[in-house]
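Trainee: I have a structure here, written as structure tokens, and I will follow up with some questions on it.
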DNA sequence: CTATGACGGATAGTATCAGTATCCATAAAC
DNA sequence: GTTTATGGATACTGATACTATCCGTCATAG
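The structure is reproduced here in structure tokens:
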């Protein structure tokens with residue numbers, strides 16, 4: 001398969017594929033002569049993954065690169081791969097809330113508290129930690145404390161999600177085949193990132209439905 | 001309060017505030033003379049809202065404008081305001097999956113089915129509808145059908161979120177005061193958009209915790 | 001009462017991101 | 001053997017979200 005067919009199969013324009021090759025998101029094709037390369041099934045698959053992460057997951061190209069490098073590394077522990085996926089969808093924050101404000105400290109305390117109550121094991125550098133803290137601080141400063149009060153209800157649901165996703169990834173495939181570590185790593189990335197999109201869009205639909213029915 | 005103090009209070013640089021004024025995100029201050037304006041509490045509040053939507057909610061400036069215009073309109077039905085919030089956080093899709101592919105049709109059918117089964121009332125143009133369909137199609141084409149198989153579990157949780165958010169918005173404030181329609185509209189926007197960030201970051205934390213504990 | 005700084009308003013410039021476009025020499029297909 | 005496609009390199013583009021600069025005015029501290 002040459003680049004034109006790869007483009008036709010995936011719907012990605014040729015210049016874009018070339019761009020992904022340049023950026024190292026997509027491994028180079030096998031060269032049969034100095035200017036003739038051939039691509040195959042893994043390339044199609046990888047390209048679909050890239051597009052899903054970029055279009056649906058809103059993952060920046062640089063982070064996609066980080067993720068696929070992890071997938072290709074073969075020696076990266078699964079936990080690290082998950083870290084990359086988490087890092088990819090967590091915007092680097094430049095501390096909009098000036099960190100030593102009292103509202104931020106309060107949010108921080110509440111997060112620590114929640115984690116302890118839940119018995120969660122969280123690394124102190126986890127990117128989601130800052131996001132959560134800042135979100136809570138923002139909700140408070142906007143006067144939405146009541147939402148924050150239901151944190152535990154959210155946490156319950158979210159734990160269920162996480163466990164569900166693990167079982168989806170570790171249980172054998174529909175055809176009964178065991179999963180290779182490669183496939184698991186890829187599934188984890190997809191599940192983490194597209195799972196978020198899935199939940200978000202379902203949530204919006206549920207909201208719209210209630211709203212259309214007039215809230216009661 | 002002049003622009004310098006507004007900047008100090010909110011931590012937003014003066015040129016950025018000017019930019020928001022230009023874009024109509026922030027209403028102009030009250031002019032005491034042709035080149036002297038004063039800002040007050042509502043401006044602080046609005047600015048905080050803008051920053052929360054932009055920084056935490058990743059809402060594009062143009063969509064923030066759309067949202068605050070709705071908040072200021074006074075006559076916009078709540079349902080429409082919700083629509084604006086939903087539209088703001090739903091990326092315009094340019095149909096990456098070429099729409100008439102069989103995988104897309106299958107996903108479409110599954111979504112229709114889900115909505116019927118749930119008894120949801122959804123407008124056909126709902127932006128989340130396309131996102132959901134494309135996400136399901138992408139998950140399938142990436143071989144993650146098992147995740148898709150748990151759609152109903154997700155839907156259960158998500159319904160709970162939506163109801164919880166409604167009660168948070170419609171129940172009286174902590175101080176017992178009733179809520180004005182204005183305040184409800186703003187709460188809905190905040191809840192919809194920051195709620196998503198909240199859920200997403202909690203989910204990542206739950207995942208990380210399970211991962212750190214070795215999945216078992 | 002003037003010097004110094006902030007302010008409002010307008011216009012122009014910048015950085016980043018995610019592609020697109022263009023070239024060219026070579027290879028393939030008809 | 002001529003048209004088309006390809007690989008690879010380099011340059012350009014459009015959108016987004018700010019920043020920077022100017023300028024004339026205003027406030028206010030000395």
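Chains as they are written, first to last, in full-length UniProt numbering: chain A, 1 to 216; chain B, 1 to 216.
In this text, a Cβ means the ideal position worked out from N, Cα and C, and glycines have one as well.
1) Tell me whether residue 139 of chain B sits in a helix, a strand or coil according to DSSP, three-state version.
2) Checking 8 Å against the spacing of the C-beta atoms, do residue 26 of chain A and residue 3 of chain A come in under that value?
3) Which ranges would you report for the alpha helix (DSSP H) in the segment 85-166 of chain B if only whole runs of at least 4 residues count?
4) Under 8 Å, do residue 47 of chain A and residue 10 of chain A count as touching if we go by C-beta distance?
5) Check for me: the alpha helix (DSSP H) holding residue 207 of chain A runs from which residue to which?
6) Cβ closer than 9 Å: which chain A residues qualify as neighbours of residue 88 of chain B?
7) Which same chain residues, not among the five before or five after residue 115 of chain B, have their C-beta less than 6 Å away from its C-beta?
8) I'd like to know whether the C-beta of residue 91 of chain A is nearer than 8 Å to at least one C-beta of chain B.
9) Mapping the DSSP letters down to three states, classify residue 31 of chain B as helix, strand or coil.
10) Along the segment 157-191 of chain A, what residues have a CB closer than 9 Å to any CB found in chain B?
11) Short check: CB of residue 39 of chain A to CB of residue 24 of chain A, under 8 Å?
12) Over what stretch of residues does the beta strand (DSSP E) that includes residue 37 of chain B continue unbroken?
13) If you run the structure through DSSP and keep just helix, strand and coil, what is residue 58 of chain A?
14) Between the UniProt domain "HTH merR-type" (1-70) of chain A and chain B, which residues of the former have a C-beta closer than 8 Å to a C-beta of the latter?
15) Express the C-alpha separation of residue 71 of chain B and residue 91 of chain B in angstroms, rounding to a whole number.
16) Measure from the C-beta of residue 117 of chain B to each C-beta in chain A and report whether the shortest distance is under 8 Å.
17) If contact means a Cβ-Cβ distance below 9 Å, which residues of the segment 192-211 of chain B contact chain A?
18) For residue 74 of chain A, report the span of its alpha helix (DSSP H) as first-last.
Mentor: The short version:
1) In the structure shown, residue 139 of chain B adopts helical secondary structure according to DSSP, grouped into three states.
2) Pairing residue 26 of chain A with residue 3 of chain A gives a Cβ-Cβ distance that is not under 8 Å.
3) Look at the segment 85-166 of chain B and you find these whole runs of alpha helix (DSSP H), each 4 residues long or longer: 102-118, 127-141 and 145-149.
4) At the C-beta level, residue 47 of chain A and residue 10 of chain A come within 8 Å of one another.
5) It spans 181-212 - the alpha helix (DSSP H) in which residue 207 of chain A sits, taken as one unbroken run.
6) The contacting residues do not exist; residue 88 of chain B stays about 11 Å from chain A at best.
7) So the list reads 122, once near-sequence residues are dropped.
8) Output row for residue 91 of chain A: interface = yes.
9) Strand at residue 31 of chain B.
10) Result list: 157, 158, 159, 160, 161, 162, 163, 164, 165, 166, 167, 168, 169, 170, 171, 173, 174, 183, 186, 187, 188, 190 and 191.
11) Not in contact: residue 39 of chain A and residue 24 of chain A (Cβ atoms no closer than 8 Å).
12) Start and end: 36-38.
13) DSSP places residue 58 of chain A in coil when its eight states are reduced to three.
14) From the UniProt domain "HTH merR-type" (1-70) of chain A, only 11, 45, 48, 49, 51, 52, 55, 56 and 58 have a Cβ closer than 8 Å to chain B.
15) So the alpha carbons of these two residues sit roughly 21 Å apart.
16) Residue 117 of chain B does not count as touching chain A.
17) With the criterion set as a beta carbon lying under 9 Å from some beta carbon of chain A, the members of the segment 192-211 of chain B are 192, 194, 195, 196, 197, 198, 199, 200, 201, 202, 203, 204, 205, 206, 207, 208, 209, 210 and 211, in sequence order.
18) According to the DSSP assignment, residue 74 of chain A belongs to no alpha helix (DSSP H), since it is labelled neither H nor E.
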